[in-house]
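Okay, so the sequence shown: first residue is 86 according to this note's numbering, each after it adds one.
All C-beta atoms, glycine included, are put in the ideal place defined by N, C-alpha and C.
Here the structure is a predicted model, which is why all the values come from computation and not from measurement.
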Amino acid sequence: MSKLILVAEDDLHIARLVSFKLKREGFQVLCVQDGSDVLRELSEHSFDLMLLDVMMPRVDGLEVLQRLPEALKKSMPIIMLSAKSQDQDVLQALQLGAVDYLTKPFDPQDLVDRVRQVLELT
Numbered sequence: 086m087s088k089l090i091l092v093a094e095d096d097l098h099i100a101r102l103v104s105f106k107l108k109r110e111g112f113q114v115l116c117v118q119d120g121s122d123v124l125r126e127l128s129e130h131s132f133d134l135m136l137l138d139v140m141m142p143r144v145d146g147l148e149v150l151q152r153l154p155e156a157l158k159k160s161m162p163i164i165m166l167s168a169k170s171q172d173q174d175v176l177q178a179l180q181l182g183a184v185d186y187l188t189k190p191f192d193p194q195d196l197v198d199r200v201r202q203v204l205e206l207t
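Next comes the structure, spelled out in structure tokens:
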């Protein structure tokens with residue numbers, strides 16, 4: 086059975102590109118556009134991995150990380166996607182429970198490779 090990935094990205098162009106690449110590699114993908122949708126989907130479904138944008142409307146990615154139970158962060162790896170590239174931004178996300186951090190713009194194949202690597206390690 087293929088892995089189910091939650092993609093939280095408010096930029097539709099990026100969300101479509103990421104979804105296309107992941108589906109082409111055999112993953113199942115569900116896309117949402119803001120943090121409140123992330124929290125709703127996580128209460129209704131179980132995901133194998135989440136790609137989480139930092140800057141989203143209503144509830145941003147860092148707030149999502151803060152709200153997630155530690156047990157969920159341990160069972161579902163989270164890779165951050167963000168235009169914010171300062172060391173302090175990366176460090177904050179990792180301290181809140183993300184396992185990796187990709188800055189935009191990113192190579193879509195690099196994203197797929199990182200997803201595979203993280204899933205193999207968990």
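- With 16 or more other Cβ atoms from the protein chains shown falling within 10 Å of its own Cβ, D119 counts as buried.
- Non-local C-beta neighbours of L136 in its own chain, meaning closer than 6 Å and more than five positions away in sequence, comprise V92, I164, L166, ordered along the chain.
- Cβ-Cβ distances below 8 Å link Q151 to L181 in the same chain, with the five nearest sequence neighbours on each side left out; the list follows chain order.
- When the five nearest sequence neighbours on each side are left out, the beta carbons in the same chain lying within less than 7 Å of the beta carbon of P142 are those of D95, D119, in order along the chain.
- Runs of the alpha helix (DSSP H) lying entirely within the stretch 122 to 157 and spanning at least 4 residues, in chain order: 146 to 152.
- Looking only at L147, I99, Q113, D133, the smallest Cα-Cα distance to E205 is reached by D133.
- Taken through DSSP and simplified to helix, strand or coil, V175 comes out as helix.
- One Cα belongs to Q113, the other to V103, and the distance between them is close to 12 Å.
- When DSSP states are grouped into helix, strand and coil, A93 belongs to the strand group.
- In chain order, L107, F112, Q113, V114, L115, F132, D133, L134, M135, L136, V200 place their CB closer than 8 Å to the CB of I90, counting only its own chain and leaving out the 5 sequence neighbours on each side.
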